[in-house]
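There are 2 protein chains.
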Amino acid sequence: MKFYGYFRSSAAFRLRIAMNLKGLDYDFELINLQAGDQSGAAFKKINPQGRVPALDTGSDILVQSLAIIEYLDELHPEPALLPADALGKAKVRGISNIISCDIHPLNNLAVLNYLRDRLGADEAARTEWYQHWVKEGFEGVEAILSESPETGRFCYGDTPGLADICLVPQVFNAQRFDCPLDIYPTISRIFETCMEQPAFADAHPMKQPEAAELA
Amino acid sequence: MKFYGYFRSSAAFRLRIAMNLKGLDYDFELINLQAGDQSGAAFKKINPQGRVPALDTGSDILVQSLAIIEYLDELHPEPALLPADALGKAKVRGISNIISCDIHPLNNLAVLNYLRDRLGADEAARTEWYQHWVKEGFEGVEAILSESPETGRFCYGDTPGLADICLVPQVFNAQRFDCPLDIYPTISRIFETCMEQPAFADAHPMKQPEAAELA
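Protein sequences appear in the order of chains A and B. Letter by letter, the first sequence follows residues 1 to 215 in the working numbering. Letter by letter, the second sequence follows residues 1 to 215 in the working numbering.
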């Protein structure tokens, strides 16, 4: 299978972690978001939405990181990225979606560029925007994680799963934008635990082949 | 079970459609987003993120509309809201997430209020913002739906599912913000087909008990 990605995309980072956890091999094609590759005709034929990641399974193109990860989890069930029971799945997907719906999309490159180019927001205003949505979302995630009996070494129990896969790239980007993170002790603890795992550490943006040239 | 919602919330609208499709009964508690109920201490105890919908199952509180809908789909499998095969699920979740991640969160009330109050965006600038993200997302959805052999009367085949549940509230809100929609013939056709179904029509914001007073 072929993975279309970019080292700094949080959504691509999620998919790298998931494929590493499952030990899956893949070909990689760089879609340089800074250069605008995602909006070019060639990539729009692959993913009409013009976003990464996209995954070519050989017969089909799949889009949207969480949809792709759930697909891989069904095809390659070990290690499982979701609990076996419906209630556990709902809790893990709930945390995942606070991040994937209510934090990340507000803070991606396309949005920050819109704020700058069309609303005249200067760097300070853009950073304030970024930090605001991280705070709104992480307050919810921290409260849920700190109160839930299911929280273990990871977001749900003692093995990494979908919620951790969403959490780590968001924390990584929050660090880049100087968001205060020590006010979220559970999130910070789980992030550190994840980064000790090779599947997470190897997926780090700066460890990707294009990082040396593009970072 | 108890459903915490608000008539104009797109995410609550999704959950109403899903519960209607499955014929589920529920108690309802209004969280008045215009009055700020979602940020009050009482509701934050229920959902620390301060968002609707939330679902109290009797033993647990679930958050995030898609996580809740997938939970209900597993507990009450008929009618199924996702295809049985992994590839079909990935395609339906992909369309769903274009809407639930990349359109809706950018255009919800909290974001529009931030643009107005903290970035000084006037009504014209806010409408332009709204229309921009609908266009970015719907171009992708329309291309996928118009090219996919699986598209039928609904987004995937001839029975309504998760992608339709996400599509309908987004079209409804796009209409409110005067987004051009006739340029998306497949989306428009599926929207019309959905609205002929009682499960969708009865979930319409203006048919909710609080609409008469609050609209």
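Where a beta carbon is used, it is the ideal one built from N, C-alpha and C, also for glycine. No experiment lies behind these values; they were computed from the predicted model shown.
Near chain B, meaning a CB-to-CB distance below 7 Å, the residues of the stretch 93-108 of chain A are R93, G94, N97, I98, S100, C101, D102, P105, L106. The shortest C-alpha to C-alpha distance from E147 of chain B to any of B:H204, B:K91, B:S9, B:L66 is the one to B:K91. Distances from the alpha-carbon of N113 of chain A to those of A:I103, A:A212, A:F13, A:T127 put A:T127 closest. In summary, P105 of chain A is buried, with 16 or more beta-carbon neighbours lying within 10 Å of its beta-carbon over all protein chains present.
Within the DSSP bridge table, the entry for K44 of chain B names no partner. Following the DSSP letters along the chain, one finds V111 of chain A in no beta strand (DSSP E) but inside the alpha helix (DSSP H) bounded by residues 109-119.
For chain A, the residues of the stretch 61-85 of chain B that bring a beta carbon within less than 7 Å of one of its beta carbons are L62, V63, Q64, L66, A67, I68, E70, Y71, E74, L75, in chain order. In the pairwise beta carbon analysis, the stretch 164-171 of chain A is classified as not touching the stretch 117-133 of chain A: fewer than three pairs are separated by under 8 Å.
In the same chain as M206 of chain B, and ignoring 5 residues on each side of it, the C-beta atoms closer than 7 Å to its own belong to A215, in chain order. The C-alpha of S65 of chain B lies about 6 Å from the C-alpha of P53 of chain B. Scanning the stretch 120-201 of chain A for uninterrupted alpha helix (DSSP H) segments of 4 residues or longer gives 123-147, 162-176, 185-195, 198-201, listed from N- to C-terminal end. I61 of chain B sits in a strand when the DSSP states are folded into three classes.
Among the bridge pairs identified by DSSP, A54 of chain B is matched with B:Y4, B:V63.
Per DSSP, D102 of chain B is one residue of the alpha helix (DSSP H) stretching across 86-102. Residue burial annotation: P83 of chain B is buried, with at least 16 other C-beta atoms found within 10 angstroms of its C-beta.
If you draw a straight line from the Cα of G120 of chain B to the Cα of L87 of chain B, it comes to about 44 Å. Under the three-state reduction of DSSP output, D73 of chain A falls in the helix class. Taken in chain order, the members of the stretch 24-52 of chain B whose beta-carbon sits within less than 9 Å of a beta-carbon on chain A are K44, N47, P48, Q49, G50, R51. Closest option to L145 of chain A, judged by alpha-carbon separation, among A:F200, A:P185, A:L24, A:L115: A:P185.
For E213 of chain B, the secondary structure class from DSSP, reduced to helix, strand or coil, is helix. I68 of chain A sits away from Y4 of chain A, with the two beta carbons spaced by 8 Å or more. The Cβ of K135 of chain B sits no closer than 8 Å to any Cβ of chain A.
With respect to the 8 Å criterion, I17 of chain A and F177 of chain A are not classified as neighbours on the basis of their beta carbons. Residue environment for S59 of chain A: exposed (fewer than 16 other C-beta atoms within 10 angstroms of its C-beta). DSSP places L21 of chain A in the uninterrupted alpha helix (DSSP H) bounded by 10-22. Between the alpha carbons of L33 of chain A and E213 of chain A lies a distance of about 14 Å. Take S100 of chain A, set aside five residues on each side of it, and the residues of its chain with a beta-carbon closer than 6 Å to its own are L66, C166, in chain order. Taking the beta carbon of K22 of chain B as reference, no residue of chain A falls within 8 Å; the closest one sits roughly 14 Å away. Residues of chain A whose Cβ lies closer than 9 Å to the Cβ of V111 of chain B are, in chain order, L106, W133. Inter-residue distance for Y71 of chain A and L62 of chain A is about 9 Å (C-alpha atoms, whole angstroms). In the three-state reduction of the DSSP assignment, L106 of chain B falls in the helix class, which pools H, G and I. Between P198 of chain A and L81 of chain A, the alpha-carbon positions lie close to 16 Å from each other. Contact check for E210 of chain B against L30 of chain B passes: the beta carbons are separated by less than 8 Å. At a Cβ-Cβ threshold of 8 Å, W129 of chain B and L115 of chain B count as neighbours. Residue environment for F138 of chain B: buried (at least 16 other C-beta atoms within 10 angstroms of its C-beta). Put simply, the backbone Cα of I103 of chain B is about 24 Å away from that of D202 of chain B.
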